[in-house]
Amino acid sequence: MTKAELHRQIDSMTEEEAAEVKLIYAPDWPSKATSVDEVRKRIGTRAMTPDESEKFWQEHGSLMQPPDGEG
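Structure follows, in structure tokens:
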């Protein structure tokens, strides 16, 4: 986005909308540091294999439903 585009967006806002704005400056977004692969490296985990995934869902799948019939 250019500065001119940003200014146009700001100028088109009402005072009420502008009061609710939270500006986040993120020059490297999306960041590689937040990718699933990078997070897994940091915490020392890996993706489940298809067999592990199947076993997990067989064992815990019923617990992943909304409680008390909410779904």
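With positions in the sequence shown counted from 1, the corresponding number in our numbering is that position plus 19.
Here a beta-carbon is modelled for each residue, glycine too, at the ideal position from N, C-alpha and C.
Please read these numbers as outputs of a predicted model, since none were measured by experiment.
Test item: CB-CB of residue i and residue j under 8 Å
i: Ala23; j: Ile29; result: no
For residue i, the nearest candidate out of the options (CA to CA)
i: Tyr44; options: Asp70, Met20, Trp76; result: Met20
Simplified DSSP assignment, three categories, for residue i
i: Val40; result: coil
i: Ala52; result: helix
i: Met83; result: helix
i: Ser31; result: coil
i: Pro69; result: helix
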